[in-house]
Amino acid sequence: MNSKVLLSEANIKKRVEELGKQISEHYKKRNAKELVVIGVLKGSFIFLADLVRQFSLPCEIDFVEASSYVGTSSSGEVAIKRDPPISLEGRDVLLVEDIIDTGLTMVKLLDHFKSRNAQSVAVCSLLFKPSRTKEKVRIDFLGFKIDDHFVVGYGLDFNDRYRELKDIVILDPKEGEHS
Ligand code: IMP
Numbered sequence: 221m222n223s224k225v226l227l228s229e230a231n232i233k234k235r236v237e238e239l240g241k242q243i244s245e246h247y248k249k250r251n252a253k254e255l256v257v258i259g260v261l262k263g264s265f266i267f268l269a270d271l272v273r274q275f276s277l278p279c280e281i282d283f284v285e286a287s288s289y290v291g292t293s294s295s296g297e298v299a300i301k302r303d304p305p306i307s308l309e310g311r312d313v314l315l316v317e318d319i320i321d322t323g324l325t326m327v328k329l330l331d332h333f334k335s336r337n338a339q340s341v342a343v344c345s346l347l348f349k350p351s352r353t354k355e356k357v358r359i360d361f362l363g364f365k366i367d368d369h370f371v372v373g374y375g376l377d378f379n380d381r382y383r384e385l386k387d388i389v390i391l392d393p394k395e396g397e398h399s
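In terms of this note's numbering, the sequence shown is residues 221 to 399.
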């Protein structure tokens with residue numbers, strides 16, 4: 221694959237450590253005893269694994285699955301395919317996402333988790349592409365803002381490939397159409 225590194229492994233590691241500290245301090249100030257961390261499948265799995273190991277408060281971890289894109293463009297329709305089968309009532313929930321692109325997925329997920337009577341629902345995303353926003357989302361904890369590139373690696377995929385790459389790289393446009 222022809223690729224250009226956008227964020228190196230070392231760069232990501234440093235930022236994930238900072239985010240872990242920032243999140244722990246935020247919930248300590250709120251006197252939270254624990255956190256429910258919900259990863260958005262599949263792209264968040266590597267980020268979530270690294271992030272939770274930086275937390276200084278205990279957490280319960282589960283995953284939600286929303287319908288995914290086909291290829292590199294969004295159809296605009298988002299459905300929840302797996303809802304975490306745990307009680308969220310009165311608890312502090314942190315949604316962990318790999319990337320917020322149009323914002324459609326996160327808006328749908330936020331509506332859904334608020335309706336499950338959590339005490340609080342916050343959003344942590346490793347990446348955000350501001351130029352692609354269709355739905356404004358409040359991102360409480362953000363790793364990096366990036367330009368409008370289709371990126372893979374560190375959990376992010378193109379048709380389920382490249383998730384295992386250690387760096388985040390820009391996919392060669394010849395390998396995927398981005399619209
Ligand atoms: P949104 O609903 O448009 O915000 O899209 C969020 C989802 O689109 C993410 O969870 C990813 O699965 C996928 N996505 C958007 N941009 C990229 C990208 O650059 N690389 C890989 N996946 C992406």
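For each residue, glycine too, the CB sits at the ideal point set by N, CA and C.
Can you name, in chain order, every residue of its own chain whose Cβ lies under 6 Å from the Cβ of residue i, other than the five neighbours on each side?
i, result
"residue 271", "236 and 240"
"residue 383", "375 and 377"
"residue 243", "361"
"residue 276", "244"
"residue 246", "none"
"residue 268", "259 and 316"
Identify, in the order they occur along the chain, each residue of the same chain with its Cβ nearer than 7 Å to the Cβ of residue i, setting aside the five sequence neighbours on each side.
i, result
"residue 326", "317, 320, 343 and 357"
"residue 322", "294, 352, 353, 354 and 355"
"residue 298", "286, 287, 324, 325 and 328"
Taking its Cβ as the centre, do 16 or more other Cβ atoms sit within 10 Å of residue i, making it buried, or is it exposed?
i, result
"residue 345", "buried"
"residue 264", "buried"
"residue 222", "exposed"
"residue 388", "buried"
"residue 397", "Unreliable positioning characterises residue 397 in this predicted model, as indicated by a pLDDT of 48, which lies under 50. A coordinate reading is not provided."
I want to check one thing, is the minimum distance from the CB of residue i to the heavy atoms of ligand 1 below 7 Å?
i, result
"residue 260", "yes"
"residue 243", "no"
"residue 363", "no"
"residue 317", "yes"
"residue 283", "no"
"residue 232", "no"
"residue 323", "yes"
"residue 370", "yes"
"residue 263", "yes"
"residue 376", "yes"
"residue 221", "no"
"residue 400", "Absent from the model: residue 400. The displayed extent of the chain is 221 to 399, so no value can be given."
"residue 359", "no"
"residue 320", "yes"
Pull up the DSSP beta-bridge partners for residue i, would you.
i, result
"residue 373", "376"
"residue 444", "In the structure as shown, the chain begins at 221 and stops at 399. Residue 444 is therefore absent and cannot be evaluated."
For residue i, I'd like the list of residues in its chain whose CB is within less than 8 Å of its CB, leaving aside the five on either flank, ordered along the chain.
i, result
"residue 278", "253, 254 and 255"
How do the stretch 323–340 and the stretch 297–310 stand: do at least 3 beta-carbon pairs fall below 8 Å, yes or no? Yes, since at least three Cβ pairs between the stretch 323–340 and the stretch 297–310 fall closer than 8 Å, the two stretches touch.
With a cut-off of 8 Å, do at least 3 Cβ pairs link the stretch 273–283 to the stretch 246–261? A contact is defined here as three or more CB-CB pairs under 8 Å, and the stretch 273–283 meets this definition with respect to the stretch 246–261.
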